[in-house]
Structures are given as structure tokens and as C-alpha cells.
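Every number in this note's numbering is 4 more than the matching position in the sequence shown, counting from 1.
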Amino acid sequence: MKQFIRFLPFFSGLYFLLFTASAFALTPTSRTLSQEFENFLSQHATNDDTEKHQIIALQQFYAARNYQPAWINSSSQQSRIETILSFIASADDEGLDSHNYRLQQLLLLATENSSLSRYELEFRTTLTLLQYAHDLYRGRFTASEIDPDWHIPQPDFDSVGFLLRTASSNNLQQSLESIAPNIPSYQLFKKALAKYRELVTNQISWQQIPNVSLLRPDDSHPVIPLIRTRITQAYETHGKIEYHLVSSEESKKSNRYDINLVRAIKAFQLQHGLNADGIIGKNTLNALNKTPSEKIQQLRISMERLRWLPRDLGDRYLLVNIAGFQLAAVENDQNIFDMRIIVGRNYRSTPSFHSRITHMIVNPYWNIPASIARKDLLPKQQQDPGYFNSQKIRVYPDYNYSSAPIDPNTIDWRAIKNRFPYALRQEPGILNALGSIKFMLPNHFSIYLHDTPSKALFNREIRTFSSGCIRLEKPLLLAEFALRTSTSAEKINEQINTGRTVQINLPEPLPTYIVYLTAWVDSQHTIHYSPDSYGRDRYALKFARW
């Protein structure tokens, strides 16, 4: 909207000469208008450099209307054009760039007063609206081109249907506003983006905080006032009450790392994926020094990824955020709970994809993938011939697991070099790498969600420790959510304690979206900013041309 306001001088005085009474007086009959506009389209549409599929959509749209213009042929045309131009000008608010949508050209056309310019305005407005709506609905970019690890199909955009619905809408403003994703986190990102853009526009000082040794509570240092200023700026952007407490007059110039600033730093650390210990070290300083422009880019690429998601995620679903090391259980657009997760190592990174959890297995076996057997476990067995037995890992001749297991002591493990000729399987129990429960969802990446015996790893800031699968901090909580009220945590625990392997089918498949968002929202509606652990934001921003 601010982009639109910058162009208001075009309107004052002239104020859409196209729509004055004299302009309407020149309007030909409806049939003649249709013929003239059809002739105009036949001459201009084929010569336009717009992508062919958009031209085809435009021609189909006007053919369905008998070539009656949609925006300049009614008594309400002035307000309709204004509404559309204002909508296009709001592209910056959506993390896009209004300069890509020919706004100045449309505004100039709106000041000209001839039949040809009216048709040109109609034609250009429709094309621009179509392009912007497409970008806002399903993303400006082809996901796989700027994020090769994204495997969730982008939503289909019905160009002709959109134009027909919009042109016939009795509430054009509402119709246009419904195009953007309706995910609550998207709206929160918009608000934060607006505040960071305001900081950039107003050229607010963002002095870099110099590197210092560790600062602990009650320490004194000349850099403390600058840190306090930065936290105050964070409060102005995000409104966290913990940040506001540091701005009292008596503490503004103090060099002491006082209790109020400690509380604010802990909240800041938590919001930025850091251990909330109140100790100011390298990682905390790096997060404090992130400029508004950097935060803007982080929000923009996260908003773009949200546009890549299906429009109907379901009434109940899981949003598994790889970058944030966090899983959210969502019901009726509300985060019911969050939990920490562990994802794949950098060289075995977890991809973004969509599937549905169909069942869970209590006391699962771990059928060990061949690559893990060869690269990870074989060296351990070669070093310690008793390793497989100590970990209850059984050796089989093939992946049917139907034959009797082979005694690992009868195999010369050091003779195995490249090809691993056996199948490994770990027995259920406390040593099992999958813990007590695994959640199965069909996918060709062989990825599932599961418990883990390595609970201490959930306390790490960067939780990239798995071979691609997703380890869960609270698997029983997820089991209750997935099973709804059919089975309680107590009953699942009883089943675990039997030691028997059991498959439990879900009453309904649970949609699961595994995504990569370095900006994300928790169940308390707080925006978090996580490190770009896999470098997918850096890669995407390198190729993105907003």
C-alpha cells in the first residue's frame, strides 16, 4: 500500500481522466466496444512478450465475456481500477517486488484519454493482475529451481477461473485479498516484514556490536549499552515484553549486564534458536548483529516457501520444520503443541516433502539401510568384533529377514571393502535406534518419524544428527494426537512394556508437511529465526530474482 501512496501525484489533478464524465460520453455501444476490443486484442496480444500461457488465459477469459472489458466498462470502473492498482502496489507487503508488475506503466495509461489507451489499460491491467495473482498464489519461483530439495508440488493456479471470479465479484477487495496464503504464520511474517522494511526506509542506525569475550550476568562492559539498544529495537519489531524491560531510563547508559537485560537476552536467544542461558557469546552476537535487510530476506524466502504449500493443508496436520528443528501439531489453524526434533546431517539432509502418516509401530525393528550399514556400522564392527552383538544387531543374508541370522563372528569383516553383502536388522528394545515408536508415512526417501534413545541431543542448538529420518522429542504426545482419543499415552506405554512389536493403524491418515523454514511461528504466536543449517536459504536467494 505504501508503494501505491508514492504514486498518488499521478492521481491528484488528473485523477483518472479516463473515468471522467467526458470519457464515459465517448464510450461506444456495448457491441461496438466488444468488436473494437477484440480487434485490439488480436493485434496486441500476439505481439506481447508476456509468457504464452498467460496470453492464452487472457484470450479465453475475454472470449468467455464476449470480449467485454472487465475493468473499464461499468459505472464502478474507477473504484475497480483503483482497487486493482492498490492491490498490485501491495506486492512489497507480501515479500514480493512491486517493480516487477509494471505499476508505473498502468498509472501512466490511466491518465490518457483515448479509446486506444483505454483498451491498453484494460489489457495491461488484466495481464499484470494475472501475473501478480499467480505469484502470490503459488509462488514467484518454480520451487525446484531455487530449492532442489523441495518435493512438495506447488498449488495449481486456475488463471481463467481466477479472472472470471474476480471480474464478477461483488466485493473485489475481498476477492483479491483471498489470494495470499491464509496460514496464520504468513500473516505474522507480513507484520514483521513491514516493521523491518520501515527500519530500512527510515535508515534507522543499526550499529554492529563488536566481538567481545563471553559476557555473563552481572558482568560490566562498554558494549552493554549498544546491546541494550539492539534489544530495544527488537522489542519495537516483535513486541516481546521481555525486550521492553531493558529500556528504563536508569539502565540505558549502564555498562552492567543486569537482570532485566539477562531476561531479554534469554528471550532473544530462544527466539533465534540458541541455548537460552543468558551468556552472550559469538552466536548470540551474530544474531544480534543481523541487519534489518538480512531479516527481510529471511522473511521473504520463508513467505515464498509458504506460498509453495497446498492451499488446503487439512483440518489436522503436522508441520515439520527442518530448519527450525521443530514439529507443530495443528488443528483448525491452531498449533496444539510443539516439540523439538532432530533431522539429517548436512551430507544426509532431510528433504522437504508431503505425505500422510498411516500407522505407527510400537517396539519397532530397525531395518538398517545398506548405506548406513556400509558407511557407519561396518567400520565399528571392524574395529570391535563384538559391536553388532552388543547392540543387538542381527546379520541376515538378504533383506527378506526370513532366513536364520548369521553369527557375526563367522564373518571376516575386514575383508569387506565396497559392496556390503549382508542385511542388518536391530532388535526392538532400549538399544534400538528408533526407540519405542516409529510413525510410517509413504515416501520414496525412506524417511519416517521415530523415537530415539539419545535424548540428550535435543538440548543442542543445531540438531542435525540423523541419517535423514526425523527423531521426536515427545513421541507419545504425537501418538496421542495421531490416534485422537482412541488410545491414550498410558495404553501405548502398556503396549511398549510388553516388548512385542505391534502395528497400530491411525483412524485417519495424518497429513504431514516436512518443510524448510528459517522463519517460523510457535504455538505462542512468536516468530522464531533459525540458522540456515543446510544453506538452502543462501542457495535460493542466490538465484531468486524477486
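Even for Gly, the Cβ is constructed at its ideal location relative to N, Cα and C.
Beyond the five residues adjoining it in sequence on each side, Tyr517 comes within less than 6 angstroms, by CB distance, of Leu323, His358 in the same chain, given in chain order.
Under a 10 Å Cβ-count criterion, Ala184 is classified as buried, with 16 or more other Cβ atoms of the shown protein chains found around its own Cβ.
Distance from the CA atom of Leu476 to the CA atom of Tyr71, rounded to whole angstroms, is 57 angstroms. In the displayed model, Gln212 falls within coil according to three-state DSSP, outside both helix and strand. Burial is judged here by how many other beta carbons sit within 10 angstroms of a residue's own beta carbon; Pro226 has fewer than 16 and is exposed. Rounded to the nearest whole angstrom, the C-alpha separation of Lys257 and Ser224 is 12 angstroms. The continuous stretches of alpha helix (DSSP H) do not include Asp342, which lies in the beta strand (DSSP E) extending over residues 338-348. DSSP lists Lys442, Arg475 as the bridge partner or partners of His454. The stretch 187-202 and the stretch 167-175 do not touch, with fewer than three beta-carbon pairs separated by less than 8 angstroms. Separation of the CB atoms of Leu382 and Trp417 is rounded to 7 angstroms, and the pair is thereby assigned contact status at 8 angstroms. Among the bridge pairs identified by DSSP, Glu335 is matched with Arg320, Gln338.
The beta carbon of Gly318 sits closer than 7 angstroms to the beta carbons of Pro515 from its chain, once the five residues preceding and following it are set aside; these are given in chain order.
Proximity of the stretch 502-514 to the stretch 361-369 meets the contact definition, three or more beta-carbon pairs being nearer than 8 angstroms. Pairing Val519 with Ile326 gives a Cβ-Cβ distance under 8 angstroms.
With a threshold of 16 other beta carbon atoms within 10 Å, Asp151 meets it and is buried. Here the stretch 472-491 makes contact with the stretch 441-458; the two share three or more CB pairs at distances below 8 angstroms. A distance below 8 angstroms separates the beta carbons of Arg467 and Ile346.
DSSP lists Phe443, Ile508 as the beta-bridge partner residues of Met364. By alpha-carbon distance to Pro409, the top candidate from Glu431, Asn422, Leu125 is Glu431.
Assignment of Phe357 by DSSP, reduced to helix, strand and coil, places it in the strand class. Using a 10 angstroms sphere on the CB of Glu126, the tally of other CB atoms reaches 16 or more, which defines it as buried. Looking from the CA of Ser94, the closest CA among Ile372, Ala114, Ala137 belongs to Ala137. With the rule of 3 Cβ pairs closer than 8 angstroms, the stretch 276-293 does not count as touching the stretch 142-162. Cβ contact annotation for Leu134 (same chain, cutoff 8 angstroms, sequence separation greater than five): Gln58, Ala61, Leu62, Ser163, Phe166, Leu167, in chain order.
For Asp153, the closest alpha carbon among the candidates Arg320, Ser353, Ile397, Pro425 is that of Ser353. Per DSSP, the continuous alpha helix (DSSP H) segment holding Arg542 begins and ends at 540-547. In this structure, Pro368 keeps its C-beta atom at 8 angstroms or more from the C-beta atom of Pro159. The beta carbons of Ser102 and Gly328 sit no closer together than 8 angstroms. Counting along the chain, the unbroken alpha helix (DSSP H) around Leu134 starts and ends at 119-142.
For Val164, the three-state secondary structure derived from DSSP is helix. Taking the C-beta atoms as reference points, Thr129 is found nearer than 8 angstroms to Leu110. Rounded to the nearest whole angstrom, the CA to CA distance from Asp316 to Arg234 is 39 angstroms. Secondary structure note for Leu37: its alpha helix (DSSP H) is the uninterrupted segment 34-48. Exposure of Phe547 is indicated by the presence of fewer than 16 other C-beta atoms within 10 angstroms of its C-beta. Its chain contains Ile434, Leu435, Asn436, Ala437, Gly439 as the residues whose beta carbon lies nearer than 8 angstroms to that of Pro457, once the 5 sequence neighbours on both sides are disregarded; these appear in chain order.
Assigned with DSSP and collapsed to three states, Val227 falls in coil, not helix or strand.
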